[in-house]
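**Q**
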Amino acid sequence: MTGPTVQDRYAGALMNTFGPPRLTLVRGEGARVWDDAGREYLDLFGGIAVNALGHAHPALVDAVTSQLRTLGHVSNFFATEPQVALAQRLLDLLRPADAGGRVFFANSGAEANEAALKLTRRTGRTHVVAAEGSFHGRTMGALALTHKPALREPFEPLPGDVTWVPYGDPDALSAAVTDRTAAVVLEPIQGEAGVVVPPPGYLSAARTIATQHGALLWLDEVQTGVGRTGEWFAHESSVQPDVVTLAKGLGGGIPIGACVGLGDAGSLLGPGDHGSTFGGNPVATAAALAVIDTIEKESLLLAARERGAQLTAALSAAGQVVDVTGRGLLLAARLADATAPQVVTRAQERGFLLNNTGPDRLRFAPPLTVTERDLARFADAWSDLATLEEQP
Ligand code: PLP
């Protein structure tokens, strides 16, 4: 007799916040994972844009195991070398050499955004301007800035004094920001909304508008940051934000988040203003350093651009695809019909893990290490996968 499956045990033991899991996965290597029946899948959404180095990358495994063997956790009463090295590295990547700045480490995207929201309160102002379609996380502060009413409304009242503006429209932004605005918070590309890219110049306009009113420009790069779009960060290099939040790809699968305050914004939070037991943990920060080093050593920014171009061409070749949006390896294909959930199911049956952000939109965020051959194999299957009749 066989006992209950992992899926049965899951249903009895975990809160039902995610619905039933699609599969039970047991192992991963590179861009491939295996389920409990031994079936292999090409992972084309990388743990929702997290597994930048793929699964079980030796550099990440070595960094984590050797740090854990050396010093695993000490709390924020003490400093550790990887924590400081990672903060310096992020500042070097994010700002001109002579500009100041400081980092607060958290453990997830929502937590990085909580820290940033508290930081904005230290301007003495409370008003925040956020964009329609935004997703900033599920904790109460991050949720207050997340646009989708179905996610927010059951948990109101939420902290905040938030004005929503249509994403990508500088005039609407200009009309909403006032001298009592603490911050403008924007994703440089909206991931959860379906990989929505704003028109060129939008972030520069946001910078100008925020500066005119003494407000902070806070860019949420939780999904887009650390190489995902083929650059270190998705915001145009000409735009200098005050606050950048990071998570997901930063740890390559080890939980970590970062709230980076640039220039004077880095000094807004002072002693006692915020904290986290695990934030800046040596294992998590060693993991993030290994991710950044490996992106450099293996030229994964270039790879993300090249593989992104390959995947864009492959996706566009299917007649069902209306358009492909995104940059690097954060892409979405919009389908002519509302068949995305069925395409996901069929793809899984054929050994490809996909993700849909809406009824007609599929999001792709494979490991930055995905190979040309992996994507060629997907390209061969794609037209057939995408061609599905809409279910009545
Ligand atoms: N911000 C953005 C832009 C995101 O895409 C996400 C997650 O999808 C979050 C914040 C929340 O991150 P986490 O799920 O790690 O809390």
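Sequential numbering from 182 applies to the sequence shown in this note's numbering. All C-beta atoms, glycine included, are put in the ideal place defined by N, C-alpha and C.
(1) For the segment 260 to 330, list the alpha helix (DSSP H) runs that are entirely contained and at least 4 residues long, ordered along the chain.
(2) Going by alpha carbons, who is nearest to Ala353 out of Cys440, Ala331 and Ala312?
(3) Sorry if obvious, but does the Cβ on Thr538 come closer than 8 angstroms to a heavy atom of the ligand PLP?
(4) Could you give the uninterrupted runs of the beta strand (DSSP E) lying entirely in the segment 183 to 240, keeping only those of 3 residues or more?
(5) Check for me: the beta strand (DSSP E) holding Leu400 runs from which residue to which?
(6) Taking the straight line between their C-alpha atoms, what separation do you get for Ala357 and Leu298?
(7) Let me make sure I understand the geometry here. Which of Val525, Thr392, Leu549 and Lys478 has the alpha-carbon closest to that of Ala364?
(8) Please determine if the segment 456 to 465 and the segment 255 to 274 are in contact, where contact requires at least 3 C-beta pairs separated by less than 8 angstroms.
(9) What residue range is occupied by the uninterrupted beta strand (DSSP E) comprising Thr344?
(10) Between Ile370 and Pro351, what straight-line distance do the alpha-carbon atoms span, to the nearest angstrom?
(11) Thinking C-beta only, is Thr205 closer than 9 angstroms to Thr183?
(12) Relative to the ligand PLP, is the shortest distance from any of its heavy atoms to the C-beta of Gly349 smaller than 8 angstroms?
(13) Which of helix, strand or coil does DSSP assign to Leu516?
(14) Cβ of Gln248 within 8 angstroms of any heavy atom in the ligand PLP?
(15) So, with DSSP's three-state summary, where would you put Asp541?
(16) With a Cβ-Cβ cutoff of 9 angstroms, do Gly211 and Val551 count as a contact?
(17) In the structure shown, what three-state DSSP assignment does Arg508 receive?
(18) Within this structure, are the beta carbons of Leu510 and Leu492 separated by less than 9 angstroms?
(19) Cutting at 8 angstroms between CB atoms, please list the residues of its own chain near Ala244, excluding the five before and the five after it.
(20) Looking at the structure shown, is Gly532 part of a helix, part of a strand, or coil, going by DSSP?
(21) Taking Glu374 as part of the alpha helix (DSSP H), name the residues at either end of that continuous run.
(22) Once the 5 residues before and after Leu543 are set aside, which same chain residues still bring their CB inside 6 angstroms of it?
(23) Quick check: the Cα distance between Arg409 and Arg303, rounded to an integer number of angstroms?
(24) Give the secondary structure of Val420 by DSSP, where H, G and I count as helix, E and B as strand, and everything else as coil.
**A** With the structure as the only source:
(1) Correct list: 262 to 275, 290 to 302 and 321 to 325.
(2) Nearest neighbour of Ala353 by Cα position, chosen from Cys440, Ala331 and Ala312, turns out to be Ala312.
(3) With a cutoff of 8 angstroms, Thr538 does not count as near the ligand PLP, since its C-beta is closer than that to no heavy atom of the ligand.
(4) Listed in chain order, the beta strand (DSSP E) runs fully inside the segment 183 to 240 are 206 to 210, 213 to 216 and 221 to 224, counting runs of at least 3 residues.
(5) Segment Leu397 to Asp401, the beta strand (DSSP E) holding Leu400.
(6) Whole-angstrom Cα-Cα distance: 18 angstroms.
(7) Closest in alpha carbon position to Ala364, among Val525, Thr392, Leu549 and Lys478, is Thr392.
(8) Counting Cβ pairs under 8 angstroms, three or more are found: they touch.
(9) Boundaries of the beta strand (DSSP E) harbouring Thr344: Asp342 to Val346, taken from the DSSP string.
(10) The alpha-carbon separation between Ile370 and Pro351 amounts to approximately 15 angstroms.
(11) Not a contact, by the Cβ cut-off of 9 angstroms.
(12) No, the Cβ of Gly349 stays beyond 8 angstroms of every heavy atom of the ligand PLP.
(13) Here DSSP, grouped into helix, strand and coil, assigns Leu516 to strand.
(14) No; taking the cut-off as 8 angstroms, the Cβ of Gln248 has no heavy atom of the ligand PLP nearer than that.
(15) The DSSP-derived three-state label of Asp541 is coil.
(16) Between Gly211 and Val551, the C-beta spacing is below 9 angstroms.
(17) In this structure, Arg508 counts as strand in the three-state DSSP scheme.
(18) Yes, these two residues count as a Cβ contact at 9 angstroms.
(19) For Ala244, the CB contacts under 8 angstroms within the same chain, skipping 5 residues up- and downstream, are Ala467, Ala468, Leu470 and Ala471 in chain order.
(20) In this structure, Gly532 counts as coil in the three-state DSSP scheme.
(21) For the sequence presented, residue 374 should be read as Ala rather than Glu. No residue range can be given for Ala374, since it is assigned to no alpha helix (DSSP H) and is classified by DSSP as neither H nor E.
(22) So the qualifying residues of the chain are Ala514, Ala521, Leu535 and Asn537.
(23) A direct Cα-Cα distance of roughly 31 angstroms separates Arg409 from Arg303.
(24) DSSP places Val420 in the coil class of the three-state scheme, outside both helix and strand.
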